[in-house]
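Notes for the one structure printed next.
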Amino acid sequence: MDNILKISADVDSFVDSCENELKEEFNRIDDICEVNSAKVISAFIKNKVSEVHLGGTTGYGYNDIGRDVIEDVFSSIFKSEDSLVRGQFVSGTHALTVALFAMLRPGDTMLSITGKPYDTLEEVIGIKDNASSLKSYGINYKEIELLNNSFDYEKIKKILKNEKIKLIEIQRSRGYSTRESIGIDSLANVIKEIREVDKEVIIMIDNCYCEFVSEREPIEVGADIVVGSLIKNLGGGIAPTGGYISGKKNLISLCADRLNSPGLGKEVGSTLGINRYILQGLFLSPNVVANSLKIAVLSSYVFDKKGYKVNPKHDDRRVDIVQSIEFKNPDELINFCRGIQNASPIDSYVTLEPWDMPGYNNKVIMASGSFIQGSSIELSCDAPIRKPYIAYLQGGLTYEYGKIGIKMALENISRK
Ligand SMILES: *Cc1c(COP(=O)(O)O)cnc(C)c1O
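Residues in the sequence shown are numbered from 11 upward in steps of one, following the working numbering.
This is the structure we're talking about:
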């Protein structure tokens with residue numbers, strides 16, 4: 011091993027020996043990757059993606075056939091009626107914001123049935139004060155906690171029977187919490203139960219980090235609308251920015267009018283040359299997600315064997331690409347993140363410090379030496395500096411770079 015990486019022989023052989031014991035898990039990941047690859051290539055073939063779609067538009071962006079075909083390809087993959095896939099979405103948070111503001115009206119109530127939503131949505135909803143929140147428009151918010159890591163069916167049914175709920179939000183990935191993520195089977199089950207009492211409530215899924223981890227996506231099990239980021243799974247590390255919303259045609263139309271302008275809808279929005287990258291990133295995505303999963307499984311096993319609490323365990327069925335590792339103190343946590351940063355292709359020489367990131371409640375440390383700023387489908391790691399000291403590791407465009415990152419992070423906490 012080149013000594014620039016400063017990986018000791020001990021760490022090197024320890025991680026290699028862990029890898030040797032993960033054949034079964036890796037095979038399962040490869041099988042899912044093949045299913046999702048078939049899904050993607052079928053969508054490209056069905057929609058006759060062609061050289062002419064790789065160009066882009068400027069200005070208003072009328073007649074952008076590349077943008078249109080991308081949205082058709084997304085609809086084929088998600089088995090949805092329509093999609094909005096745009097570089098104008100700044101991030102996943104923005105896509106979720108647009109979707110919520112598009113579908114809710116003053117006096118409406120939204121209900122989260124997976125407890126407190128992702129940190130950046132607190133100001134969007136108005137859980138934390140903001141003069142532009144949904145709450146400031148008179149939109150109400152309620153939440154039901156998970157019960158023993160499953161849905162609280164009794165409470166959900168009771169609230170749906172007793173009051174008018176306009177929209178239910180289900181966040182699959184656990185974000186910065188210690189709950190379990192929501193698998194596709196349990197999603198299918200809760201949607202079935204919801205529909206027994208309420209045929210109309212809009213069921214919206216925050217699908218961030220979950221795309222292509224399983225063989226099915228939320229619309230296939232009855233969700234109305236699904237939302238995510240293009241600098242996570244579906245961007246494949248190539249899409250330079252953006253987000254997506256996919257689902258019922260009437261809902262996508264509301265979202266397009268909200269993102270752009272009422273009346274302009276999906277017809278506008280110039281793509282400035284990013285169509286090629288969105289398509290290429292999507293094409294690579296099943297494999298990139300598989301690599302990320304293998305990196306997550308390897309890190310889980312390595313740190314489990316070193317005595318740290320990990321979630322999920324290496325042999326658990328995974329729902330998203332995120333691996334959490336609990337450290338014993340803030341120093342270990344920070345050194346782990348620094349190791350990941352030092353193993354990155356971009357800004358490897360930076361010494362990370364925790365900082366007050368907008369939208370988050372605690373100081374956060376983020377390792378993200380990525381080609382696309384903040385891209386968390388690239389090997390990255392973030393952690394709020396609060397008890398329990400959990401690092402959330404995710405991404406990795408190729409398995410080998412991820413494996414090197416794990417070695418450097420382990421080395422960095424072992425040496426200190
Ligand atoms: C990443 C993420 C989001 C959106 O975050 P952005 O950084 O704005 O893209 C929302 N929900 C969950 C569960 C996420 O993981």
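Backbone N, C-alpha and C fix where the C-beta goes; we use that ideal spot for every residue, glycine too.
Worksheet entry | Anticipated Cβ contact below 8 Å, residue 6 with residue 175, distance rounded | One cannot answer for residue 6 here, as it falls past the ends of the chain, which runs 11 to 426.
Fill in: residue 383, buried or exposed, once every other Cβ within 10 Å from all chains shown has been counted against 16
exposed
Worksheet entry | Near ligand 1: residue 182 beta-carbon under 8 Å from a heavy atom | yes
Worksheet item: Taking the Cβ atom as the reference point for each residue, do residue 305 and residue 375 lie within a distance shorter than 9 Å?
Response: no
Discussion item. Taking its Cβ as the centre, do 16 or more other Cβ atoms sit within 10 Å of residue 151, making it buried, or is it exposed?
Written reply: buried
Discussion item. Do residue 371 and residue 129 have their beta-carbon atoms positioned less than 9 Å apart in this structure?
Written reply: yes
Item to complete: Identify every run of the beta strand (DSSP E) within the segment 284 to 342, keeping only runs that are complete inside it and at least 3 residues long; order them along the chain.
Response: 319 to 321, 333 to 337
Item to complete: Could you check what DSSP says for residue 367 in three-state terms: helix, strand or coil?
Response: coil
Practice prompt. May I ask whether a heavy atom of ligand 1 can be found less than 8 Å away from the beta carbon of residue 130?
Written response: yes
Worksheet item: Among 345, 137, 114, 142, which one has its Cα closest to the Cα of residue 364?
Response: 345
Discussion item. Are the CB atoms of residue 236 and residue 299 within a distance shorter than 9 Å?
Written reply: no
Item to complete: Check whether the Cβ atoms of residue 340 and residue 423 sit closer than 9 Å, and answer yes or no.
Response: no
Fill in: Residue from 240, 261, 154 with nearest C-alpha to residue 112
261
Practice prompt. Check whether the Cβ of residue 103 sits closer than 8 Å to any heavy atom of ligand 1, and report yes or no.
Written response: yes
Worksheet item: Helix, strand or coil: how does DSSP classify residue 125 here?
Response: coil
Discussion item. Can you check which of these residues, 92, 143, 125, 127, is closest to residue 116 by C-alpha distance?
Written reply: 143
Worksheet item: Under three-state DSSP, which class holds residue 1?
Response: As displayed, the chain neither begins before 11 nor continues past 426, which places residue 1 out of reach and without an answer.
Item to complete: Could you have a look at residue 261 and say whether DSSP puts it in helix, strand or coil?
Response: helix
Worksheet item: In its own chain, which residues sit with a C-beta less than 7 Å from the C-beta of residue 323, not counting the 5 before and 5 after it?
Response: 310, 314
Worksheet item: Leaving out the 5 sequence neighbours to the left and right, which residues in its chain are closer than 6 Å to residue 208 when beta-carbon positions are compared?
Response: 170
Discussion item. Could you check whether the segment 79 to 94 touches the segment 45 to 55, counting it as contact only if at least three pairs of C-beta atoms, one from each stretch, sit closer than 8 Å?
Written reply: yes
Worksheet item: Is the Cβ-Cβ distance between residue 350 and residue 419 less than 9 Å?
Response: yes
Worksheet item: Who are the near neighbours of residue 220 in its chain, counting only those whose CB is closer than 7 Å to its CB and skipping five residues on each side?
Response: 182, 183, 329, 330
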